[in-house]
Amino acid sequence: MSERTAAAPETLLAPAVQVSQSEITQEIRDLHADLARREDAGESLPATMHDFPPYRSSILRHPTKNPKLVDPETIELLSPAFGQRDVAAIESDLTIQHVGEPLGERMTVRGRVTDSWGRPVANQLVELWQANSSGRYIHQRDQHPAPLDPNFTGAGRAVTDDAGEYLFTTIKPGPYPWKNHINAWRPAHIHFSIFGSSFSQRLVTQMYFPGDPLFALDPIYNTIWRQQDRDSLVGVYDHDLTSPEWSTGYCFDIVVDGPDATWFEPEEDRP
Ligand SMILES: [Fe+2]
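In structure tokens form, the structure reads like this:
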């Protein structure tokens, strides 16, 4: 597989004036409490708050106008197309893309893409990108002092099978610093992109890991203000998916529409 540059990391998004972690954490707590009060009072609120001041750069990047309705068929005429043959099986194994093996905890990520009625979403392109085990992206603007791994690019693709399932072999990414505030660190995460049945349905999300101590500190994770919605972004450790002497296993199911949908980033917010 050819080298592909990973998406711009969150370090690109530094605000001019930085505040402390404790101030950011308090802002997050206050906003969550206020949102819970508003919901208790009967207000209907979205699962994620696009205007979320602790995530400093989101103030300038979140949509301020209603989304435009587009005709999916018109979009399809102008969008790229891919076929199942365009995605090679080797692309779902991020540990065999170079001469040697990458450093880090080898892991399997398996999941099922369904709609909100539980029906499998088959033959869909699932793309994944991530930092290496040291928390470093292959990206020219990610220059924080953690090593690149010459045996790890951090990008892969798979197509869901008839049961809507995908499977990747990769290594567990490390947490990394970004410049939202002083001493800001992102919890370890893997970025996912799912194409629905048409290109105009492309959706992007992140998978996290159970018990990460950075959860309460991270403004991006906490733009999703209800705990149960945040929980849906945490991969589930699965010992049956763990292979003896080989790799650990995590499950990450994705629901692509309806009230049970996995929280997705709007296109403008994708780090
Ligand atoms: Fe990231």
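Positions 1471 to 1741 (the working numbering) are the ones given, in order, by the sequence shown. Note that CB positions come from ideal geometry on N, CA and C, so glycine has one too.
| said: Could you give the first and the last residue of the continuous beta strand (DSSP E) run that contains Ile1529? | reply: Counting from 1 along the sequence shown, the entry for residue 1529 is found at position 59. DSSP places Ile1529 in no beta strand (DSSP E) but in the uninterrupted alpha helix (DSSP H) bounded by 1528-1531.
| query | Helix or strand or just coil, what does DSSP make of Leu1515? | reply | Sequence index remark: in the sequence shown, residue 1515 carries index 45 (1-based). In this structure, Leu1515 counts as coil in the three-state DSSP scheme.
| said: Let's test the definition: count the other Cβ atoms within 10 Å of the Cβ of Pro1572 and tell me whether it reaches 16, buried, or not, exposed. | reply: Counting from 1 along the sequence shown, the entry for residue 1572 is found at position 102. Classification of Pro1572: buried, given that the 10 Å Cβ count is 16 or more.
| query | For Asp1504, which three-state DSSP category applies? | reply | Indexing the sequence shown from 1 puts residue 1504 at position 34. Looking at Asp1504 - three-state DSSP - the assignment turns out to be helix.
| request: Would you list the residues sitting across from Gly1719 in a DSSP beta bridge? | output: Taking the sequence shown and counting its residues from 1, one reaches residue 1719 at position 249. For Gly1719, the beta-bridge partners assigned by DSSP are Thr1578.
| Around the C-beta of Leu1687, are 16 or more other C-beta atoms found within 10 angstroms, so that it is buried, or is it exposed? | Residue 1687 sits at position 217 when you count from the first residue of the sequence shown. By the neighbour-count criterion, in which 16 or more other beta carbons inside 10 Å mark a residue as buried, Leu1687 falls on the buried side.
| request: Kindly list the residues whose CB is nearer than 8 Å to the CB of Asp1710, restricted to its own chain and excluding five residues on each side of it in sequence; keep chain order. | output: To locate residue 1710, count along the sequence shown from 1; it is residue 240. Gly1719, listed in sequence order.
| query | Just checking, does the region 1606-1625 make contact with the region 1589-1596 on the three C-beta pairs under 8 Å criterion? | reply | By the criterion of at least three beta-carbon pairs nearer than 8 Å, the region 1606-1625 is not in contact with the region 1589-1596.
| task | Return the CA-CA distance between Gln1613 and Trp1648, expressed in angstroms with no decimal places. | result | Position 143 of the sequence shown, counting from 1, holds the residue named residue 1613. Position 178 of the sequence shown, counting from 1, holds the residue named residue 1648. Cα to Cα, Gln1613 sits roughly 11 Å from Trp1648.
| task | Could you pull the start and end residues of the alpha helix (DSSP H) that Arg1700 belongs to? | result | The residue you call residue 1700 lines up with position 230 of the sequence shown. Per DSSP, Arg1700 belongs to the alpha helix (DSSP H) from 1697-1701.
| query | From Pro1689, Ser1527, Tyr1707, Val1706, pick the residue whose C-alpha is nearest to that of Arg1499; which is it? | reply | Residue numbering aside, residue 1499 sits at position 29 when the sequence shown is read from its first letter. If we check each option's Cα against that of Arg1499, Pro1689 comes out closest.
| Identity of the residues DSSP links to Ser1663 by a beta bridge | Indexing the sequence shown from 1 puts residue 1663 at position 193. Residue pairing of Ser1663 in beta bridges, as defined by DSSP: Glu1597, Val1674.
| request: Let me know if Leu1515 comes out buried or exposed under the rule of 16 or more other beta-carbons within 10 Å of its beta-carbon. | output: What you label residue 1515 is simply residue 45 of the sequence shown in a count that begins at 1. With fewer than 16 other beta carbons inside 10 angstroms of its own, Leu1515 counts as exposed.
| task | Could you tell me whether the Cβ atoms of Gly1626 and Asp1723 are closer together than 7 Å? | result | Taking the first residue of the sequence shown as position 1, residue 1626 is located at position 156. Taking the first residue of the sequence shown as position 1, residue 1723 is located at position 253. Cβ distance not < 7 Å, so Gly1626 and Asp1723 don't count as in contact.
| query | How about Asn1653 and Gln1488: do their beta carbons lie closer than 7 Å? | reply | Residue 1653 sits at position 183 when you count from the first residue of the sequence shown. Residue 1488 sits at position 18 when you count from the first residue of the sequence shown. No. Outside cutoff.
| query | Just how far apart, CA to CA, sit Val1629 and His1609? | reply | Numbered from its first residue, the sequence shown carries residue 1629 at position 159. Numbered from its first residue, the sequence shown carries residue 1609 at position 139. Approximately 25 Å, taken between the alpha carbons.
| Along the chain, where does the beta strand (DSSP E) that runs through Val1629 open and close? | The count along the sequence shown starts at 1 and reaches residue 1629 at position 159. For Val1629, the enclosing beta strand (DSSP E) has its first and last residue at 1625-1629.
| field | Selection from Ile1664, Asp1708, Asp1631 that minimises the alpha carbon distance to Pro1680 | value | Here the question's residue 1680 lines up with position 210 in the sequence shown. Checked all of Ile1664, Asp1708, Asp1631; the closest Cα to Pro1680 is Asp1708.
| Residues in its own chain within less than 6 Å of Ile1560 by CB, not counting five upstream and five downstream? | For this step, residue 1560 is matched to residue 90 along the sequence shown. Cβ within range, chain order: n/a, list empty.
| query | Hey, would you say Thr1578 sits closer than 7 Å to Ser1663, going by beta carbons? | reply | Locating residue 1578 in the sequence shown gives position 108, where the first residue counts as 1. Locating residue 1663 in the sequence shown gives position 193, where the first residue counts as 1. Cβ atoms of Thr1578 and Ser1663: not closer than 7 Å.
| Gly1624 beta carbon less than 7 Å from that of Trp1655 | Here residue 1655 refers to the residue found at position 185 of the sequence shown. Here residue 1624 refers to the residue found at position 154 of the sequence shown. Result no, Cβ atoms of Trp1655 and Gly1624 do not sit closer than 7 Å.
| task | Tell me whether the beta-carbon of Pro1643 lies closer than 7 Å to the beta-carbon of Ala1616. | result | As a position in the sequence shown, residue 1643 is number 173, starting the count at 1. As a position in the sequence shown, residue 1616 is number 146, starting the count at 1. For Pro1643 and Ala1616, no; Cβs fall outside 7 Å.
| said: Can you give me the C-alpha to C-alpha distance between Ile1694 and Val1557, rounded to a whole angstrom? | reply: As a working note, residue 1694 is residue 224 in the sequence shown. As a working note, residue 1557 is residue 87 in the sequence shown. When rounded, the distance between both Cα atoms is 32 Å.
| query | Looking only at its own chain, which residues have a Cβ that is under 7 Å from the Cβ of Ile1566, when we skip the five neighbours before and after it? | reply | As a first step, residue 1566 must be located in the sequence shown, where it is residue number 96. If you ignore the 5 residues before and after Ile1566, its C-beta comes within less than 7 Å of the C-beta of Ile1560, all in its own chain and listed in chain order.
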